[in-house]
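Protein chains in written order, with my numbering: chain A, 1 to 156; chain B, 157 to 312; chain C, 313 to 468; chain D, 469 to 624. Ideal Cβ positions, reconstructed from N, Cα and C, are used throughout, including at glycine. Accompanying notes for the structure given below.
Number of protein chains: 4
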Amino acid sequence: MPEFAEFTPKDADFAERVRASFARQTVMDLIGARLGRVAPGEVEIELPFRPDLCQQHGFFHAGVTSTIADSAAGYAGYSLFAADSSVLTVEFKINLLAPADGELLRAVGRVVKPGRTLTVTEAEVSVVKNGRAKPCARLSQTLMCLAGRPDIPEAG
Amino acid sequence: MPEFAEFTPKDADFAERVRASFARQTVMDLIGARLGRVAPGEVEIELPFRPDLCQQHGFFHAGVTSTIADSAAGYAGYSLFAADSSVLTVEFKINLLAPADGELLRAVGRVVKPGRTLTVTEAEVSVVKNGRAKPCARLSQTLMCLAGRPDIPEAG
Amino acid sequence: MPEFAEFTPKDADFAERVRASFARQTVMDLIGARLGRVAPGEVEIELPFRPDLCQQHGFFHAGVTSTIADSAAGYAGYSLFAADSSVLTVEFKINLLAPADGELLRAVGRVVKPGRTLTVTEAEVSVVKNGRAKPCARLSQTLMCLAGRPDIPEAG
Amino acid sequence: MPEFAEFTPKDADFAERVRASFARQTVMDLIGARLGRVAPGEVEIELPFRPDLCQQHGFFHAGVTSTIADSAAGYAGYSLFAADSSVLTVEFKINLLAPADGELLRAVGRVVKPGRTLTVTEAEVSVVKNGRAKPCARLSQTLMCLAGRPDIPEAG
Numbered sequence: 001m002p003e004f005a006e007f008t009p010k011d012a013d014f015a016e017r018v019r020a021s022f023a024r025q026t027v028m029d030l031i032g033a034r035l036g037r038v039a040p041g042e043v044e045i046e047l048p049f050r051p052d053l054c055q056q057h058g059f060f061h062a063g064v065t066s067t068i069a070d071s072a073a074g075y076a077g078y079s080l081f082a083a084d085s086s087v088l089t090v091e092f093k094i095n096l097l098a099p100a101d102g103e104l105l106r107a108v109g110r111v112v113k114p115g116r117t118l119t120v121t122e123a124e125v126s127v128v129k130n131g132r133a134k135p136c137a138r139l140s141q142t143l144m145c146l147a148g149r150p151d152i153p154e155a156g
Numbered sequence: 157m158p159e160f161a162e163f164t165p166k167d168a169d170f171a172e173r174v175r176a177s178f179a180r181q182t183v184m185d186l187i188g189a190r191l192g193r194v195a196p197g198e199v200e201i202e203l204p205f206r207p208d209l210c211q212q213h214g215f216f217h218a219g220v221t222s223t224i225a226d227s228a229a230g231y232a233g234y235s236l237f238a239a240d241s242s243v244l245t246v247e248f249k250i251n252l253l254a255p256a257d258g259e260l261l262r263a264v265g266r267v268v269k270p271g272r273t274l275t276v277t278e279a280e281v282s283v284v285k286n287g288r289a290k291p292c293a294r295l296s297q298t299l300m301c302l303a304g305r306p307d308i309p310e311a312g
Numbered sequence: 313m314p315e316f317a318e319f320t321p322k323d324a325d326f327a328e329r330v331r332a333s334f335a336r337q338t339v340m341d342l343i344g345a346r347l348g349r350v351a352p353g354e355v356e357i358e359l360p361f362r363p364d365l366c367q368q369h370g371f372f373h374a375g376v377t378s379t380i381a382d383s384a385a386g387y388a389g390y391s392l393f394a395a396d397s398s399v400l401t402v403e404f405k406i407n408l409l410a411p412a413d414g415e416l417l418r419a420v421g422r423v424v425k426p427g428r429t430l431t432v433t434e435a436e437v438s439v440v441k442n443g444r445a446k447p448c449a450r451l452s453q454t455l456m457c458l459a460g461r462p463d464i465p466e467a468g
Numbered sequence: 469m470p471e472f473a474e475f476t477p478k479d480a481d482f483a484e485r486v487r488a489s490f491a492r493q494t495v496m497d498l499i500g501a502r503l504g505r506v507a508p509g510e511v512e513i514e515l516p517f518r519p520d521l522c523q524q525h526g527f528f529h530a531g532v533t534s535t536i537a538d539s540a541a542g543y544a545g546y547s548l549f550a551a552d553s554s555v556l557t558v559e560f561k562i563n564l565l566a567p568a569d570g571e572l573l574r575a576v577g578r579v580v581k582p583g584r585t586l587t588v589t590e591a592e593v594s595v596v597k598n599g600r601a602k603p604c605a606r607l608s609q610t611l612m613c614l615a616g617r618p619d620i621p622e623a624g
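Listed below in structure tokens is the structure:
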């Protein structure tokens, strides 16, 4: 059903822009997440298991799953924005389909509907256990584009 | 509108049980979150600002906000469960009302509707800046009670 | 927790504007819904039971519950908008807390956070059975304000 | 991304069961909705435009869109349940992607993750205008299976 369209980025340097912004998300470094594939309207984030990322049963915490899913979907949207814009998450919903029990989490975010002000995205999260991937969460998200406000570090 | 009912816990030791489970959520230690008030159907989690918890603009990452909101609401539900049960998050939705810009995040989770299998909860998150609290997120959540499966650490 | 603020409408004729727009929602007439209280940031819609509004078990259909909850929350937001604007629902989530079994549904929508472009609202729906009201659904919603586009009927 | 699995129904008469239940949803008759394709884990509902189904701008009301999307996704889940069970919507979230402006609404519901107690589904809604379909809404939903409680009409 969701036949994902091919998107044309407004900014030829979209991937560099996404990577630079991701590098400023300090929480990604804290948890050990890394940016994978960055394509127009599609971004992947991976997170290897660590014992300090868990809920009470020793699996990835739902908040950790949400953290990478929110960013994967957010950067999927941001990849289609103009160079001088920023992105804000307006809201997201996440369904947790199965315990996030495995050695690696992978979130793939994709744009469902781009828009001038609002962009709708989604993310699918899989957990890899013994080398086999299994869906463990799905996120649907609304993003806001802040035009004319580049996503740059604050001047020092 | 949401007139929160007073709830009677099934387990007199609910607060101890919540605190023990929270202590096993290793991600809470990683980010520096601490459990506050634990009452029947209501649980508070606080998180002081740290520069390694941020999104690209230097505010708390939405995933971090979600992490403490999910746990606050989840433990609000769990506080009403029987002693020999566990809790799973089925889904949640979060609206981000304002940038989480401040020195402290506080999530207060409350039970909206307890149930035998499913419990509906919500959480309000405020950010405290220069000593003033301001709402920054609202979460609505569905929990599942796993009866007869105590939330205990795995045997070694 | 959700301490609803008192809101000051931008348009003194907000109630008249809400009532005129509601009157143009033809589906409200189809199902028999009526507008109740209209206050700044708070709107009530009531719907008496009819056997043609049901799901397969003879209770109000979740879509019918959603219809009045979406409009109650949407008009709660719209009551705070400027006179020359329209309102669009961006998204909503609804938790169905109990079967909507009764002689009357009542949705009360309230603004959680007004904003220039986006407004966050919620609605609580109760079902009245034998004269007693019981919560049966909760909705959380994001609205968009279309400034400079009055909500008027299309010219003929 | 969402590669929909092929599902094997537990009940060979699933389609007949879905059609009988749909026929008992009186609101479908009120609004003029008709059941389309019924496959294991996938159900389609169509709704021709009528002027009495509208919001204030003359397009399908979001609640009407939600009504057919909720039922399409709900019956997609129900198609995989055992013969002696019923289905309840626990919650859904809907993103409205574009105004539902056209001569026909079509909702296609699909199962994302079946489960013993809870099933996660989604629906995509398109609006057909001048013969061209365009996505206008996306729903994500949690269903509950009531085992041992057949979805039959109440005895008179």
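Straight-line gap, Glu415/C to Asn442/C (C-alpha atoms, nearest Å): 7 Å
Lys561/D: contacting residues in chain B (beta-carbon distance under 7 Å): Lys249
At least 3 beta-carbon pairs within less than 8 Å: the region 426–438 of chain C vs the region 478–489 of chain D: no
Where Ile562/D sits in the DSSP three-state scheme: strand
Best match in Ala575/D, Asp497/D, Phe517/D and Gly526/D for proximity to Gly504/D [C-alpha to C-alpha]: Ala575/D
C-beta atoms of Phe579/D and Gly509/D nearer than 8 Å: The amino acid at residue 579/D is misidentified as Phe; the sequence shows Val. Contact: yes.
Amino acids of chain D, ordered along the chain, whose beta-carbon sits closer than 7 Å to that of Pro363/C: Thr494
Cα-Cα separation between Gly375/C and Leu186/B, rounded to whole angstroms: 43 Å
First through last residue of the beta strand (DSSP E) which encompasses Ser438/C: Leu430 to Lys441
Beta-carbon separation (whole angstroms), Thr65/A vs Ala98/A, contact threshold 8 Å: Actually they do not touch by this definition, with Cβ atoms about 11 Å apart.
Neighbour list for Asp479/D in chain C, Cβ cutoff strictly below 8 Å: The contacting residues do not exist; Asp479/D stays about 16 Å from chain C at best.
Delimiting residues of the beta strand (DSSP E) encompassing Thr142/A: Arg132 to Ala147
Min CB distance Leu417/C to chain B below 8 Å: no
Beta-carbon proximity list for Leu359/C, same chain, < 6 Å, skipping 5 on both sides: Ala345, Ile380 and Leu417
Close beta carbons around Arg294/B, own chain, < 8 Å, minus the five adjacent residues each side: Ile250, Asn251, Leu253, Glu278, Ala279, Glu280 and Val281
Coarse secondary structure for Thr557/D, derived from DSSP in three states: strand
Buried versus exposed call for Asp70/A [16 or more other C-beta atoms within 10 Å across all chains shown]: buried
Contacting residues, own chain, Cβ-Cβ under 7 Å from Val128/A (five flanking each side not counted): Gly102, Glu103, Leu104 and Arg106
Within-8 Å CB hit, Ala147/A to chain B: no
4 or more residues per run - each alpha helix (DSSP H) lying fully within the region 320–371 of chain C: 326–336 and 338–343
Counted within 10 angstroms of its Cβ, other Cβ atoms place Asp552/D as buried (16 or more) or exposed: exposed
Integer-rounded CB distance, given that Val558/D should sit under 8 Å from Leu611/D: 6 Å
Neighbour list for Leu342/C in chain D, Cβ cutoff strictly below 8 Å: Leu498, Ile499, Asp520 and Leu521
Whether Ala385/C touches Gly427/C by CB criterion (8 Å): no
Cβ of Leu455/C within 8 Å of any chain A Cβ: no
Minimum Cβ-Cβ distance from Leu565/D to chain A less than 8 Å: yes
Gly109/A - partner residues in DSSP beta bridges: Val43/A and Ala123/A
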